[in-house]
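Let me begin by presenting the structure, written as structure tokens, before commenting on it.
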Amino acid sequence: MNIDGKHLQSIWFDKDLAVVKIIDQTKLPHELVIASLTTLAESCHAIESMQVRGAPLIGVAAAYGVYLAMLDEAQGLQYALEKLAATRPTAVNLQWALSRMEEALQNVPEDQRAGVAFDLAQTLEQEDIEICAAIGVNGADLLQKLWEEKRATQTKLNVLTHCNAGALATVDWGTALAVIYKAIERNIPLHVWVDETRPRNQGAALTCWELAQEGIAHTLIVDNAGGHLMQHGQVDVCIVGSDRTTLNGDVCNKIGTYLKALAAKDNQIPFYVALPVSSIDFSISDGLREIPIEERSALEVTHVTGVKDTGELATIRLSPEGVTASNYGFDVTPANLVSFLITERGVVKAKKSEIVSLKK
Ligand code: MRU
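In the numbering used here, each residue's number is its place in the sequence shown (first place is 1) plus 6.
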């Protein structure tokens, strides 16, 4: 991604300092802070506290976490895998990356584990960049077709997105936003409606920041505005990411995604989900019953953090003191509401017979 005209990834290994570097996403959009990860505990904390977040990025961060653990204590492989697996429950990329690390390391002598773990973490990092770029190209083909249908009657294509499925949610490019970035490269005139994405506001804080850095036209809206815009012809297509998609095409993504898909269906608006194959959980079919939904602190609902006009960071309470609040992080959009899944291996319908073909 381009930040102030400079290319930056969300995570990388700094060879000079021999540390893992991340963009600390809890500080955005107010401050660009680069943090270092040097231990297993710091890696777990970074994932849990959402300094790094987004399904693909969580996977790569966990892979580096295993490497850092092996540097410190090569006999502690199982301990490291368990600690990292417990950080966040919903995004399947975490389990996927940890399984790849375990497979590669379990039969390796302890004195060679750190080296093998490092090489694989670097491979996963590079693979993620290539995968996301390919998702972008495949999705841009769809947007190109849509634009050819609409260009006679309108001056731009309006895309609605939810949460942040951008470069910040991956190593680079993103998934849903990769489609937008690749479409912009083809000179398709796009405007993006950005759902604020309460309670953590990844849309307002992260997606708006990323799109501004890339100079892409966008408008921030409250989470409840999408349906109204769709009814009034202001949305041509919805594109979101996914934390876990089942074999039959049910899509789990940030809370509120389901309501956007329902409104899109009611208004005959295509609803695309952009995701790497590593976000597909081929072992489950029923998204509603089989995907663990993360529940986070009620404080994220009752309070909000931002900057005052003075530039000072402040957290304030919105609700009456002591109110009971619940905070489900994700919901499941049933396959019948999804028009297409856009993956690095091609675009498929959200149904088992097509999804199964994506498995290597
Ligand atoms: O809780 P988060 O910020 O990790 O949730 C992120 C999302 O829901 C993204 O849409 C999803 O991970 C896809 S990211 C390419």
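Here a beta-carbon is modelled for each residue, glycine too, at the ideal position from N, C-alpha and C.
- Check each candidate in 20, 35, 16, 21 and name the one with the smallest Cα separation from residue 29. On the sequence shown, position 23 is the one that residue 29 refers to. With distances taken between Cα atoms, residue 29 lies closest to 16.
- Item | Classification of residue 13 by the beta-carbon crowding that lies within 10 angstroms, buried from 16 upward | Here residue 13 corresponds to residue number 7 of the sequence shown, with the count starting at 1. By the neighbour-count rule (16 or more Cβ atoms within 10 Å), residue 13 is not buried but exposed.
- Message: Rounded to whole angstroms, what is the Cα-Cα separation between residue 331 and residue 155?
- Response: For the purposes of this step, residue 331 is identified with residue 325 of the sequence shown, where counting begins at 1. For the purposes of this step, residue 155 is identified with residue 149 of the sequence shown, where counting begins at 1. If I take the Cα positions, the gap works out to 45 Å.
- Any heavy atom of ligand 1 within a distance shorter than 6 Å of the CB on residue 192? Position 186 of the sequence shown holds residue 192. No.
- Could you tell me whether the segment 124 to 140 touches the segment 172 to 183, where touching means 3 or more Cβ pairs closer than 8 Å? yes
- Message: Does residue 222 come out as helix, strand or coil in the three-state DSSP assignment?
- Response: As a working note, residue 222 is residue 216 in the sequence shown. Of the three classes helix, strand and coil, the one that applies to residue 222 here is coil, per DSSP.
- Residue range of the beta strand (DSSP E) that includes residue 41: Stepping through the sequence shown from its first residue, residue 41 is reached at position 35. Here the beta strand (DSSP E) through residue 41 covers 40 to 43.
- Give the DSSP-derived three-state secondary structure of residue 244 in the structure shown. Start at 1 with the first residue of the sequence shown, and residue 244 comes out as number 238. Note: residue 244 maps to strand in three-state DSSP.
- Query: How many Å lie between residue 334 and residue 117 at the Cα?
  - Reply: For the purposes of this step, residue 334 is taken as residue 328 along the sequence shown, with counting starting at 1. For the purposes of this step, residue 117 is taken as residue 111 along the sequence shown, with counting starting at 1. Cα to Cα, the separation comes out at about 42 Å.
- Message: Please report the straight-line C-alpha distance between residue 91 and residue 25, rounded to a whole angstrom.
- Response: As a first step, residue 91 is located in the sequence shown; it is residue number 85 there, counting from the start. As a first step, residue 25 is located in the sequence shown; it is residue number 19 there, counting from the start. Distance between the alpha carbons of residue 91 and residue 25 is about 21 Å.
- Any non-hydrogen atom of ligand 1 closer than 6 Å to residue 259 Cβ: By 1-based counting over the sequence shown, the position of residue 259 is 253. Correct: residue 259 has its Cβ closer than 6 Å to ligand 1.
- Task: Would you check if the distance between the CB atom of residue 209 and the CB atom of residue 198 is smaller than 7 Å?
- Result: Counting from one through the sequence shown, the residue named residue 209 turns up at place 203. Counting from one through the sequence shown, the residue named residue 198 turns up at place 192. Contact flag unset, no.
- Query: Do residue 249 and ligand 1 come close, with the Cβ less than 6 Å from some heavy atom?
  - Reply: For this step, residue 249 is matched to residue 243 along the sequence shown. Checking every heavy atom of ligand 1 against the Cβ of residue 249, one is found closer than 6 Å.
- Query: If you drop the 5 nearest sequence neighbours on each side, which residues of the same chain put their C-beta closer than 8 Å to that of residue 354?
  - Reply: Here residue 354 refers to the residue found at position 348 of the sequence shown. So the list reads 346, 347, 360, 361, 363, 364, once near-sequence residues are dropped.
- Given a threshold of 16 other Cβ atoms within 10 Å of its Cβ, counted over all protein chains shown, does residue 308 qualify as buried or as exposed? Working through the sequence shown from its first residue, we reach residue 308 at position 302. Looking at its Cβ environment, which holds 16 or more other Cβ atoms inside 10 Å, residue 308 is buried.
- Residue range of the beta strand (DSSP E) that includes residue 263: Indexing the sequence shown from 1 puts residue 263 at position 257. It is not in any beta strand (DSSP E) - residue 263 instead sits in the alpha helix (DSSP H) that spans 263 to 272.
- Message: Threshold first: 4 residues or longer. Then list the alpha helix (DSSP H) segments lying entirely within the segment 168 to 220, N to C.
- Response: 182 to 191, 214 to 219
- residue 181: CB within 6 Å of a non-hydrogen atom of ligand 1: In the sequence shown, the residue the question calls residue 181 occupies position 175. Yes, ligand 1 has a heavy atom inside 6 Å of this Cβ.
- Message: Within a Cβ cutoff of 6 Å, which residues of the same chain sit near residue 325, ignoring the five residues on either side of it in sequence?
- Response: Here residue 325 is taken as the residue at index 319 of the sequence shown, counted from 1. Once the five neighbours on either side are set aside, the close Cβ partners of residue 325 are 308.
- the segment 30 to 39 contacting the segment 257 to 264, beta-carbon criterion three pairs below 8 Å: no
- Any contact of the segment 141 to 156 with the segment 91 to 108, i.e. 3+ C-beta pairs under 8 Å? no
- Just how far apart, CA to CA, sit residue 310 and residue 322? Stepping through the sequence shown from its first residue, residue 310 is reached at position 304. Stepping through the sequence shown from its first residue, residue 322 is reached at position 316. One C-alpha to the other measures close to 6 Å.
- Query: What are the boundary residues of the alpha helix (DSSP H) that residue 5 is part of?
  - Reply: This structure gives no information on residue 5, because the portion of the chain shown stretches from 7 to 366.
- Item | N- and C-terminal bounds of the beta strand (DSSP E) containing residue 336 | The residue labelled residue 336 in the question sits at position 330 within the sequence shown. 336 to 339 is the extent of the beta strand (DSSP E) around residue 336.
- Going by the C-beta, is residue 50 closer than 6 Å to any heavy atom of ligand 1? Along the sequence shown, read from residue 1 onward, the residue named residue 50 stands at position 44. Residue 50: no, Cβ never under 6 Å from ligand 1.
- Message: Helix, strand or coil for residue 11? Go by DSSP, reduced to three states.
- Response: As a working mapping, residue 11 is identified with position 5 in the sequence shown. Residue 11: coil per DSSP, three-state reduction.
- 7 Å Cβ cutoff met for residue 306 and residue 206: Translated into positions along the sequence shown, residue 306 becomes position 300. Translated into positions along the sequence shown, residue 206 becomes position 200. Cβ atoms of residue 306 and residue 206: closer than 7 Å.
- Message: Between residue 220 and residue 282, how many whole angstroms is the CB-CB distance? I'm expecting something under 8 Å.
- Response: By 1-based counting over the sequence shown, the position of residue 220 is 214. By 1-based counting over the sequence shown, the position of residue 282 is 276. The Cβ separation is near 21 Å, so there is no contact.
- Query: Taking 6 Å as the cut-off, does the CB of residue 214 come closer than this to any heavy atom belonging to ligand 3?
  - Reply: Of the ligands this structure carries, namely ligand 1, none is ligand 3.
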